[in-house]
Ligand SMILES: NC(=O)c1ccc[n+]([C@@H]2O[C@H](COP(=O)([O-])OP(=O)(O)OC[C@H]3O[C@@H](n4cnc5c(N)ncnc54)[C@H](OP(=O)(O)O)[C@@H]3O)[C@@H](O)[C@H]2O)c1
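Numbering (the working numbering), first residue to last: 2 to 288.
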């Protein structure tokens with residue numbers, strides 16, 4: 002990325018830090034290009050000493066020179082932050098929001114017309130640069146902005162551009178998915194303990210099994226069903242285990258978990274929109 006580009010990260014919490022850490026480790030962004038804000042002074046001290054980035058408690062001060070603004074505060078705080086920065090954003094700046102369930106329409110309504118808007122859904126493995134980031138573009142996103150945002154986000158994981166209406170499904174799959182996989186790893190390890198392995202050995206075997214299987218799918222590009230069939234020899238151990246999972250409707254359970262996550266994401270966005278709506282009606286502003 003060009004060294005002249007300035008990035009402001011608003012909110013230096015878990016995801017803000019994960020993104021900063023990934024940007025810098027990716028080598029395309031220098032600490033001099035990044036400034037971060039937070040509500041807590043002690044977070045700013047930590048982030049400054051950990052990464053050498055610029056810090057300020059003021060969102061407005063952070064964005065005045067920024068080419069790219071990453072909004073990384075909790076969803077209810079997003080309107081407050083956008084209201085603060087809207088008057089001082091540079092023309093031609095791009096705003097990327099990672100707030101779950103905050104729509105492009107909500108973001109655009111609170112930002113001036115010349116500002117490009119992108120909605121992002123990263124997941125927690127972005128902390129170790131092994132995440133996936135789904136991006137949906139709003140108004141004013143030029144090819145240059147798209148390239149800049151894509152390049153920055155690639156530092157923390159794989160980037161996938163999608164239509165915004167798919168974001169709830171993304172939340173149910175890659176947003177919530179790491180927790181489903183943690184549960185599976187825990188269960189695999191427990192199975193190993195039940196079969197007689199020491200706990201630590203069982204956990205190590207479970208982690209490496211999931212990591213290796215994911216890498217097999219990624220690197221061979223074979224469909225998982227093909228890889229599964231290759232290891233399930235007739236009358237063997239694997240087919241015996243697979244039969245138990247099928248009896249327990251494992252695939253159906255995972256499928257419904259993703260669906261439930263997606264549904265909940267849509268519900269939460271709907272709830273917030275209704276709250277915003279009643280808030281603006283109380284203030285006497287048009288809905
Ligand atoms: N965690 C995830 O895995 C994940 C995944 C995808 C998307 N997201 C999204 O990422 C966003 C951040 O999540 P998070 O888990 O990183 O939350 P977090 O750890 O609470 O980070 C948010 C930070 O922003 C600070 N803050 C509050 N008000 C502020 C203001 N007005 N200006 C600047 N900073 C302010 C908070 O300080 P206080 O604590 O003092 O309020 C906190 O340090 C959320 O919108 C979430 O939906 C998170």
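The C-beta atom is built at its ideal place from N, Cα and C for all residues, glycine as well.
With three or more CB-CB distances shorter than 8 Å, the region 26 to 35 counts as touching the region 153 to 160. Shown here for residue 232: same chain residues with a beta carbon closer than 7 Å to its own, the five before and five after excluded, namely 239 in chain order.
Taken through DSSP and simplified to helix, strand or coil, residue 112 comes out as coil. Between residue 38 and residue 67 a beta carbon distance of about 11 Å is seen, past the 8 Å cut, so the two are scored as non-contacting. Counting along the chain, no alpha helix (DSSP H) covers residue 12, and no H or E run does either. Nearest Cα to residue 80 within the set 91, 123, 215 and 112: 112. The shortest CA-to-CA distance from residue 171 to any of 254, 267, 13 and 48 is the one to 267. Residue burial is scored here from C-beta neighbours: residue 134 has at least 16 other C-beta atoms within 10 angstroms and is therefore classed as buried. Taking C-alpha positions only, residue 82 is separated from residue 243 by approximately 50 Å. Residues 95 and 117 of the same chain have their beta carbon placed closer than 6 Å to that of residue 146, with the five preceding and five following residues left out of the count. In the DSSP annotation of this structure, the continuous segment of the beta strand (DSSP E) that includes residue 69 starts and ends at 69 to 72. A distance criterion of 7 Å places the beta-carbon of residue 16 in contact range of ligand 1, judged by its closest non-hydrogen atom.
Contact between residue 57 and residue 86 is absent: CB atoms are separated by about 13 Å, not below the 8 Å threshold. Of all alpha-carbon atoms in 260, 115 and 221, the one lying nearest the alpha-carbon of residue 92 is that of 115. At least one heavy atom of ligand 1 lies less than 7 Å from the C-beta of residue 125. Under the DSSP assignment, residue 159 falls in the beta strand (DSSP E) whose first and last residues are 158 to 162.
By the C-beta criterion, the region 206 to 214 is judged to be in contact with the region 180 to 195, since at least 3 inter-stretch pairs fall below 8 Å. When the beta-carbon positions are compared, residue 161 and residue 71 stay at least 8 Å from each other.
Measuring C-alpha to C-alpha distances from residue 65 to each of 35, 74 and 42 identifies 35 as the nearest.
Taking the C-beta atoms as reference points, residue 128 is found nearer than 8 Å to residue 22. Inclusion of residue 150 and residue 136 in the CB contact set at 8 Å is warranted, their separation being smaller than that value. One Cα belongs to residue 125, the other to residue 245, and the distance between them is close to 31 Å. Taking 7 Å as the cut-off, the C-beta of residue 99 counts as close to a heavy atom of ligand 1.
Taking 7 Å as the cut-off, one finds no heavy atom of ligand 1 near enough to the beta carbon of residue 234.
The nearest non-hydrogen atom of ligand 1 is 7 Å or more from the C-beta of residue 146. A check of alpha carbon separations from residue 98 across 182, 175, 16 and 54 identifies 16 as the nearest.
Nearest in C-alpha terms to residue 265, of all of 207, 101, 204 and 164, is 101.
About 7 Å separates the CB atoms of residue 120 and residue 139; that is less than 8 Å, so the two are in contact.
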